[in-house]
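A.B. asks: Please read through the structure below; I'll follow up with questions.
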Amino acid sequence: MKKILFAALLLLTANLLNAQSPSLEVLLIGASHQYEPGQDMTGIHSKIRAFQPDAFFGEWLSPEDEKDLLTYWNKKNVDGRTRRLRANKDIPDEKLPGLIQELKAKVAANPRDFSARIDLAHAYYLSQEAGNGYYQMWQVSKELKRDPSNQALFDYSALVRGPWQDTPQKFIDSYTNNEYDLIAFPMMMELKKDWIYPMDCQAYDVFWSEAWAYSDSLESVYKEQLRRNPDSGEALFYSAVKKKEAAMAAQTKGESVAGYKQSQMTEILNTPEADNFLNRVNLVSPELLGLRGFPAYAFQEKLHWWLMRNITMCNNTVERARAAGLKKVVIIVGAGHRWPMATLFGEMPGVKVVNINDYGK
Numbered sequence: 009m010k011k012i013l014f015a016a017l018l019l020l021t022a023n024l025l026n027a028q029s030p031s032l033e034v035l036l037i038g039a040s041h042q043y044e045p046g047q048d049m050t051g052i053h054s055k056i057r058a059f060q061p062d063a064f065f066g067e068w069l070s071p072e073d074e075k076d077l078l079t080y081w082n083k084k085n086v087d088g089r090t091r092r093l094r095a096n097k098d099i100p101d102e103k104l105p106g107l108i109q110e111l112k113a114k115v116a117a118n119p120r121d122f123s124a125r126i127d128l129a130h131a132y133y134l135s136q137e138a139g140n141g142y143y144q145m146w147q148v149s150k151e152l153k154r155d156p157s158n159q160a161l162f163d164y165s166a167l168v169r170g171p172w173q174d175t176p177q178k179f180i181d182s183y184t185n186n187e188y189d190l191i192a193f194p195m196m197m198e199l200k201k202d203w204i205y206p207m208d209c210q211a212y213d214v215f216w217s218e219a220w221a222y223s224d225s226l227e228s229v230y231k232e233q234l235r236r237n238p239d240s241g242e243a244l245f246y247s248a249v250k251k252k253e254a255a256m257a258a259q260t261k262g263e264s265v266a267g268y269k270q271s272q273m274t275e276i277l278n279t280p281e282a283d284n285f286l287n288r289v290n291l292v293s294p295e296l297l298g299l300r301g302f303p304a305y306a307f308q309e310k311l312h313w314w315l316m317r318n319i320t321m322c323n324n325t326v327e328r329a330r331a332a333g334l335k336k337v338v339i340i341v342g343a344g345h346r347w348p349m350a351t352l353f354g355e356m357p358g359v360k361v362v363n364i365n366d367y368g369k
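Written out as structure tokens, the structure is:
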């Protein structure tokens with residue numbers, strides 16, 4: 009079923025793809041948005057280093073997409089941040105591009121001018137370049153971690169940081185142990201990349217959220233029906249599938265998955281075992297779609313909007329990479345997106361996608 013849906017939806021985006029376009033090589037990394045401490049990223053870093061990317065892409069919205077969206081799950085937070093930053097220091101929109109160029113030059117001339125980095129982050133956020141604003145503030149957090157006694161820097165960071173980051177440690181912690189802290193940004197600094205490209209899509213978030221809530225509600229009704237007849241074939245089959253999901257969840261937290269240690273969670277998240285588990289928890293276990301009485305149609309609707317988001321994320325990456333003349337890019341994305349994006353990239357003319365675990369083999 010998934011293959012059929014992928015094929016059908018790819019036809020919708022065929023006009024965006026050109027077989028004569030320059031080739032693009034993608035190193036795809038499924039990651040966690042919040043890691044446990046003690047991760048070993050040496051293998052991941054080594055492969056990125058060997059890949060020698062032209063650029064990095066992350067799960068951020070472009071300024072155009074952010075401004076066009078009337079609502080999505082994070083819109084209220086973004087609007088609140090913009091109001092707060094303008095209250096701290098308002099800059100007319102028409103002056104932002106020139107100011108950003110001035111501040112980029114200032115930071116390039118003196119990378120340890122962290123006040124300039126805060127100013128640059130402020131300008132980026134007002135321009136809705138959230139990923140790059142975050143990158144600058146992450147570097148400020150690392151400087152405060154190196155020297156927590158730098159009260160002047162912490163005080164100046166109030167231009168951008170939120171009221172919930174009211175101590176140096178809270179500020180530092182808020183930039184710690186995610187995919188940018190452990191993977192993207194350290195390698196961007198090492199490879200001297202001062203820009204992260206956005207590729208996320210939230211255009212379908214309202215439909216996705218409604219489909220998720222609807223499918224969950226119907227499954228709850230279905231489970232209640234099964235509880236009334238626990239010895240039925242449907243109830244026993246449903247229970248067996250849920251036990252399988254629980255066993256798979258436990259496996260991802262075990263001592264070893266596919267030969268990797270728990271400190272190598274990124275490698276684990278890029279295995280077929282993780283793909284299988286994440287597809288089940290994010291969408292549905294495929295065995296259930298044929299179970300009598302199960303609301304398969306609601307989960308197929310949920311799958312539809314999930315695929316639409318992933319299709320657009322792939323198209324965003326290819327279009328923006330080619331527009332910038334990029335040949336080799338690293339994409340770091342939530343692990344649930346890894347399998348659909350890898351499948352979609354594999355169908356795109358002129359695009360070569362490599363899973364991080366397979367690179368160098």
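Mapping of the sequence shown onto the numbering used here: residues 9 to 369, in sequence order.
A virtual CB, placed ideally from N, CA and C, is assigned to each residue, including glycine.
Can you tell me whether G358 is helix, strand or coil according to DSSP?
C.D. replies: coil
A.B. asks: Assuming I191 and I340 form a contact by the criterion Cβ under 8 Å, report the distance between their Cβ atoms to the nearest whole angstrom.
C.D. replies: 6 Å
A.B. asks: Just to confirm, are E253 and V289 a CB contact at a threshold of 8 Å?
C.D. replies: yes
A.B. asks: Determine the closest residue to T351 out of N365, D366, I319 and A331, with distance taken between C-alpha atoms.
C.D. replies: Comparing Cα positions, the closest option is I319.
A.B. asks: Report yes if the CB atom of I52 is closer than 8 Å to the CB atom of I364, and no otherwise.
C.D. replies: Yes, these two residues count as a Cβ contact at 8 Å.
A.B. asks: Look at the alpha carbon of K360 and the alpha carbon of V326, and state the distance between them as a whole number of angstroms.
C.D. replies: 11 Å
A.B. asks: List the endpoints of the continuous alpha helix (DSSP H) containing V338.
C.D. replies: Per DSSP, V338 lies in no alpha helix (DSSP H); the unbroken beta strand (DSSP E) holding it starts and ends at K336 to G342.
A.B. asks: Between P30 and A255, what straight-line distance do the alpha-carbon atoms span, to the nearest angstrom?
C.D. replies: Only weak support is given to the placement of P30: the predicted model assigns it a pLDDT of 49, under 50, and the value that follows is read from those uncertain coordinates. Going by the C-alpha atoms only, they are around 44 Å apart.
A.B. asks: Leaving out five residues before and five after F245 in sequence, what residues of the same chain have Cβ atoms less than 7 Å from its Cβ?
C.D. replies: L299
A.B. asks: Do K336 and F65 count as a contact pair if the criterion is CB distance below 8 Å?
C.D. replies: no
A.B. asks: Less than 8 Å between the beta carbons of L128 and L104, yes or no?
C.D. replies: no
A.B. asks: Let me check one thing: in DSSP terms, what residues is V34 bridge-paired to?
C.D. replies: V337 and V361
A.B. asks: Please classify E274 as buried or exposed, where buried requires at least 16 other C-beta atoms within 10 Å of its C-beta.
C.D. replies: Checking the sequence, you will find Thr at residue 274 rather than Glu. By the neighbour-count criterion, in which a residue is buried when 16 or more other Cβ atoms sit within 10 angstroms of its Cβ, T274 is buried.
A.B. asks: Between the beta-carbon of F122 and the beta-carbon of L93, is there less than 8 Å?
C.D. replies: no
A.B. asks: Grab the span of the alpha helix (DSSP H) containing G241 for me, first residue to last.
C.D. replies: G241 to T260
A.B. asks: For a test of the three-state rule: what should DSSP assign to Y80, helix, strand or coil?
C.D. replies: Here Y80 carries a coil assignment [DSSP, helix/strand/coil].
A.B. asks: Anyone know if the C-beta pair for Q47 and N186 falls short of 8 Å?
C.D. replies: no
A.B. asks: So F353 and C322 are supposed to be a Cβ contact under 8 Å. How far apart are they, rounded?
C.D. replies: 6 Å
A.B. asks: What three-state label does DSSP hand F65 in the structure shown?
C.D. replies: In the three-state reduction of the DSSP assignment, F65 falls in the strand class, which pools E and B.
A.B. asks: Can you list, in chain order, the residues of its chain whose CB lies under 7 Å from that of P71, leaving out five sequence neighbours each side?
C.D. replies: S135, Q136 and E137
A.B. asks: Tell me V265's beta-bridge partners as DSSP assigns them.
C.D. replies: Y268
A.B. asks: Rounded to whole angstroms, what is the Cα-Cα separation between W314 and Q308?
C.D. replies: 10 Å
A.B. asks: Below 8 Å between beta carbons: does that hold for P303 and E218?
C.D. replies: In this structure, P303 lies away from E218, with their beta-carbon atoms at least 8 Å apart.
A.B. asks: Can you list, in chain order, the residues of its chain whose CB lies under 7 Å from that of I99, leaving out five sequence neighbours each side?
C.D. replies: Taking C-beta separations shorter than 7 Å and ignoring five residues to either side along the sequence, the partners of I99 in its chain run L107, A131 and L134, following chain order.
A.B. asks: P100 lies in the alpha helix (DSSP H); which residues open and close that run?
C.D. replies: Unbroken run through P100: none, as it is neither H nor E.
A.B. asks: In angstroms, rounded to a whole number, what distance separates the CA positions of P238 and S225?
C.D. replies: 20 Å
A.B. asks: Throw me the rounded Cβ distance for the Y230 and G301 pair, which I believe falls under 8 Å.
C.D. replies: 6 Å
A.B. asks: In terms of residue numbering, what span does the beta strand (DSSP E) encompassing Y205 cover?
C.D. replies: I204 to P206
A.B. asks: For my contact list, R211 and L77 are in at a C-beta cut-off of 8 Å; report their separation, rounded to the angstrom.
C.D. replies: Strictly speaking, residue 211 in this sequence is Ala, with Arg absent from that position. Distance from A211 to L77 at the Cβ level is roughly 7 Å; contact confirmed, criterion being Cβ atoms closer than 8 Å.
A.B. asks: Give me whichever residues DSSP pairs with A39 in a beta bridge.
C.D. replies: G342
A.B. asks: Kindly indicate the opening and closing residues of the alpha helix (DSSP H) around E275.
C.D. replies: M273 to L277
A.B. asks: Expressed to the nearest angstrom, what Euclidean distance is found between the alpha-carbon atoms of E44 and P194?
C.D. replies: 18 Å
A.B. asks: Taking the Cβ atom as the reference point for each residue, do M4 and N85 lie within a distance shorter than 8 Å?
C.D. replies: The structure shown does not extend to residue 4, since the chain spans only 9 to 369, so no value can be given for it.
A.B. asks: Is the Cβ-Cβ distance between Y188 and S149 less than 8 Å?
C.D. replies: no
A.B. asks: What are the start and end residues of the alpha helix (DSSP H) that includes Q47?
C.D. replies: Looking at the DSSP string, Q47 is not in any alpha helix (DSSP H), and its letter there is neither H nor E.
A.B. asks: Assign P348 to buried or exposed, taking buried as 16 or more other Cβ atoms, counted over all protein chains shown, within 10 Å of its Cβ.
C.D. replies: In this structure P348 is buried. Its beta-carbon is surrounded by 16 or more other beta-carbon atoms within 10 angstroms.
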